Structure formats: structure tokens, C-alpha cells
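Student: Here UniProt numbering is used: the sequence shown runs in plain steps of one and ends on residue 65.
Yeah, the Cβ is synthetic: ideal placement off N, Cα and C, and Gly gets one too.
Quick caveat, the model's predicted, so the values are computed rather than measured.
Sharing a structure below in C-alpha cells format, with a few things to ask.
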Amino acid sequence: MASKCPKCDKTVYFAEKVSSLGKDWHKFCLKCERCSKTLNPGGHAEHDGKPYCHKPCYAAMFGPK
Numbered sequence: 001m002a003s004k005c006p007k008c009d010k011t012v013y014f015a016e017k018v019s020s021l022g023k024d025w026h027k028f029c030l031k032c033e034r035c036s037k038t039l040n041p042g043g044h045a046e047h048d049g050k051p052y053c054h055k056p057c058y059a060a061m062f063g064p065k
């Protein structure tokens, strides 16, 4: 059974899916929440279940002040 993308809530089919944060995403939906840069599975940070670029977005928002 196909799963739902956590970003757009539409069905993710096998040929178009990437897995990250324990969920299946459309390749084009796995983007940084702050800058919208397309991310690679496992190559990003996470906060509250949402993906972020390691630098500069995650570091600027959640890193040491």
C-alpha cells in the first residue's frame, strides 16, 4: 500500500519516493522548511519532525546563540 507524503499529504508511489525521518516523501517535497532547498535523504537536520539544511538554516534557528 502506498503511503502519504508528510508535506503535501498526497500518495507517494514507489518510483517517486525517498525515505527520510521515518517517512516516505516525494523527491520534490523533501525540502528545507526555512529556505525550501531540496534535500537528500539523511543529508539534513530535523526539528519537530521537519527537515532543515544543516547550514545555515538549522544552525541559525536552533544552534547555540
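Can you list, in chain order, the residues of its chain whose CB lies under 7 Å from that of P64, leaving out five sequence neighbours each side?
Tutor: Taking the sequence shown and counting its residues from 1, the one referred to as residue 64 is at position 64. None.
Student: Looking only at its chain, what residues have a beta carbon closer than 6 Å to the beta carbon of C5, apart from the 5 residues adjacent to it on each side?
Tutor: For this step, residue 5 is matched to residue 5 along the sequence shown. For C5, where only same-chain residues beyond five positions count, the Cβ hits under 6 Å are V12, W25, H26 and C29.
Student: Among the residues of its own chain, which have a CB less than 8 Å from the CB of S20, if the five just before and after it don't count?
Tutor: For the purposes of this step, residue 20 is identified with residue 20 of the sequence shown, where counting begins at 1. Result list for S20: L30, L39, P41, G42, H44 and P51, in chain order.
Student: Rounded to whole angstroms, what's the CA-CA distance from K17 to A2? Just pull it up for me.
Tutor: The count along the sequence shown starts at 1 and reaches residue 17 at position 17. The count along the sequence shown starts at 1 and reaches residue 2 at position 2. In a straight line, the C-alpha of K17 is about 10 Å away from that of A2.
Student: To the nearest angstrom, report how far apart R34 and F14 are at their CA atoms.
Tutor: Taking the sequence shown and counting its residues from 1, one reaches residue 34 at position 34. Taking the sequence shown and counting its residues from 1, one reaches residue 14 at position 14. For R34 and F14, the distance between alpha carbons rounds to 27 Å.
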